[in-house]
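To start, the structure under review is shown below, and the notes come after it.
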Ligand code: GLC
């Protein structure tokens with residue numbers, strides 16, 4: 011067999027005196043950490059020649075591991091169809107024309123990402139949340155968080171390194187399989203951990219794992235988003251590698267079924283959205299994000315779509331598939347109709363009558379117009395819109411949340427028109443939502459009395475800090491993916507430029523504080539892995555927009571929107 015052609019096109023020397031190289035094997039570019047002593051002798055002549063070149067040259071080409079054809083058999087929703095010509099959903103049709111000139115930060119970011127890898131019995135199984143040795147309090151930042159690993163996983167997949175992702179998916183599945191108890195209460199079988207930690211015993215030379223399902227987390231909340239991210243990542247892995255065998259394994263099929271059974275079981279619900287406790291997602295402290303928060307609904311929708319494309323139609327899967335299809339339909343109607351807010355809709359709510367009885371009610375949830383906060387009248391542009399934070403009886407949370415709105419675009423929970431409007435709003439309210447560091451986790455911050463009541467006086471979540479209107483660099487990858495999907499990569503370009511001006515210099519903080527995100531967050535960790543990985547993913551998607559296909563999906567044909575709302579662009 012021919013030896014794979016290997017060519018080193020970049021080198022970077024890191025502080026631990028090992029080399030990071032980008033190697034090309036059979037046309038696929040990969041970043042490799044190379045031990046300086048042992049591995050150099052294994053490199054071929056071309057490698058050594060390249061290592062002698064002083065100026066790093068990095069010209070990554072389109073990666074060819076993306077196998078549309080093999081995955082299409084698996085996918086029910088992902089058939090490519092063009093929308094209004096401006097969209098290229100699965101494989102963006104525009105050319106970014108952004109000649110890929112590697113920023114010096116890229117190699118630094120890769121070094122830091124490699125350093126954050128966590129091993130279990132010699133195999134990489136994830137990345138730790140933060141590699142911040144300067145910080146006195148480690149808390150649980152030395153653990154592998156499921157949600158935090160997602161951008162790391164995407165970076166590895168885009169770099170042609172799926173092994174760590176596969177290991178992670180299987181390891182977390184094993185963890186899911188264990189009995190989970192908090193005090194005397196047994197958690198649902200489908201629950202996925204928020205995080206896990208690998209314990210090395212140097213004497214016995216054994217590795218073991220402890221997982222946290224919410225029993226150790228601040229506030230003791232189960233992470234509803236973990237299971238959704240797990241399913242979404244399984245699809246990304248399958249889509250990126252074309253390896254159907256992982257998703258087809260009985261244990262993965264079972265894992266998906268268990269996660270979704272938790273959410274699809276019948277109860278007293280009158281809405282198709284999922285009822286949650288505060289703090290059950292990325293915003294994992296009390297922030298008034300309970301009830302039916304957009305952050306969870308959008309992820310739920312995306313996980314349902316992903317599972318629908320991967321579940322087998324066998325005896326066990328068939329019934330679930332049926333439920334998923336119905337739920338997707340009901341959810342898209344509900345969300346597109348009741349969570350959507352634009353200028354016209356705001357005006358309609360402002361003029362709502364209350365106390366309307368019976369199914370003819372226009373004000374279905376009895377929202378009292380007086381409860382509309384003042385800021386939203388100024389915030390709402392004439393052109394643009396977004397999914398509000400929450401809708402439940404007489405309670406509309408008008409706050410804008412980044413993750414939910416970006417995931418709504420990527421999952422096609424938003425119609426093409428709504429997706430465009432979300433991007434219009436981000437452009438129109440750039441100073442508020444992006445400011446000096448992308449991207450605000452939510453807008454605006456809760457202040458004074460409201461902060462006291464809603465957060466329970468949480469000192470970490472003071473106004474314009476952390477979850478309360480802080481700016482999170484990790485969200486850059488979501489903004490970039492949404493920008494590319496909607497055919498507006500210039501939005502991502504602007505945001506990436508802002509991140510590049512500060513992120514490395516500031517030591518990859520977890521979050522920034524202040525109205526425009528100018529200050530490194532009060533208690534922000536440095537070398538926060540998802541800030542690093544989020545940047546890399548954003549860069550790689552800009553360089554090769556087909557990567558967005560891993561994390562984006564088509565609108566299902568039968569889920570056509572019911573346009574019973576006015577749209578600001580008409
Ligand atoms: C914080 C964040 C959470 C993240 C964790 C680890 O608790 O709120 O979203 O997963 O840190 O980085």
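In our numbering, the protein residues as written are 11 to 580. By construction, the Cβ of each residue, glycine as well, lies at the ideal position given by its N, Cα and C atoms.
Per-residue DSSP class, three states only, for residue 328: helix
Per-residue DSSP class, three states only, for residue 46: Confidence at residue 46 is low in this model, with a pLDDT of 30, below 50, so the placement of that residue is unreliable and no value is reported for it.
Reference residue 328, options 249, 264, 116, closest by Cα: 264
Through-space distance from residue 380 to residue 517, alpha-carbon basis: 44 Å
Limits of the alpha helix (DSSP H) - the one that residue 372 falls within: Looking at the DSSP string, residue 372 is not in any alpha helix (DSSP H), and its letter there is neither H nor E.
Element boundaries [beta strand (DSSP E), containing residue 561]: Element bounds for residue 561: n/a, residue is neither H nor E.
Spatial neighbours of residue 485 in its chain, beta-carbon cut-off 6 Å, leaving aside the 5 residues before and after: Listed in chain order, the non-local C-beta contacts of residue 485 below 6 Å within the same chain comprise 412, 449, local neighbours out to five positions each way being set aside.
contact_flag[the segment 335-344, the segment 304-319] where n(CB pairs < 8 Å) is 3 or more: Yes: the two stretches touch, three or more of their Cβ pairs being nearer than 8 Å.
Uninterrupted alpha helix (DSSP H) stretches inside the segment 155-203 (no shorter than 4 residues): 156-168, 173-186
beta-carbon residue 155 near the ligand GLC non-hydrogen atom, thresh 8 Å: yes
Contacts around residue 394, its chain only, beta-carbon distance under 6 Å, and the 5 residues preceding and following it disregarded: 431, 434, 435, 438
Close-in-space but distant-in-sequence residues of the same chain around residue 50 (CB under 6 Å, 5 per side omitted): With a pLDDT of only 27 at residue 50, under 50, the local geometry of the prediction cannot be trusted, and no value is derived from it.
Meets three-Cβ-pair contact criterion under 8 Å: the segment 365-379 and the segment 415-428: no
Residue 363 classed as buried or exposed, judged by whether at least 16 other C-beta atoms fall within 10 angstroms: exposed
Contacting residues, own chain, Cβ-Cβ under 7 Å from residue 245 (five flanking each side not counted): 316, 319, 320
Environment of residue 506 [buried if 16+ CB atoms lie within 10 Å]: Label assigned to residue 506: buried.
Spatial distance of residue 515 from residue 176 (CA atoms): One Cα belongs to residue 515, the other to residue 176, and the distance between them is close to 33 Å.
Collapsed DSSP secondary structure at residue 381 in the structure displayed: helix
Length of the line joining the Cα atoms of residue 477 and residue 452: 7 Å
Residue burial classification, residue 141 (beta-carbon count within 10 angstroms, cutoff 16): buried
Alpha-carbon to alpha-carbon, residue 118 and residue 537: 11 Å
Residue burial classification, residue 369 (beta-carbon count within 10 angstroms, cutoff 16): exposed
For residue 563 and residue 497, the rounded distance between their alpha carbons: 15 Å
Nearest neighbour of residue 474, chosen from 371, 542, 531, 282 [CA to CA]: The shortest Cα separation from residue 474 among 371, 542, 531, 282 belongs to 531.
C-beta contact flag for residue 397 and residue 349 at 9 Å: yes
Which of helix, strand or coil DSSP assigns to residue 354: helix
Any non-hydrogen atom of the ligand GLC within 8 Å of residue 202 CB: no
Those residues which DSSP pairs with residue 398 across a bridge: Note: residue 398 sits in a beta bridge opposite 410.
Spatial neighbours of residue 403 in its chain, beta-carbon cut-off 6 Å, leaving aside the 5 residues before and after: 375
Candidates 186, 253, 312, 114: closest to residue 221 by CA position: The option with the nearest alpha carbon to residue 221 is 186.
Assigned exposure category for residue 462 - 16 Cβ within 10 Å defines buried: By the Cβ neighbour-count rule, residue 462 is exposed, with fewer than 16 other Cβ atoms within 10 Å of its own.
Assigned secondary structure, residue 338 (DSSP; H/G/I helix, E/B strand, else coil): helix
heavy atom of the ligand GLC below 8 Å from residue 305 C-beta: No.
Between the CA atoms of residue 195 and residue 493 - distance to the nearest angstrom: 43 Å
Any non-hydrogen atom of the ligand GLC closer than 8 Å to residue 477 Cβ: yes
Residue interval of the alpha helix (DSSP H) (run including residue 126): Unbroken run through residue 126: none, as it is neither H nor E.
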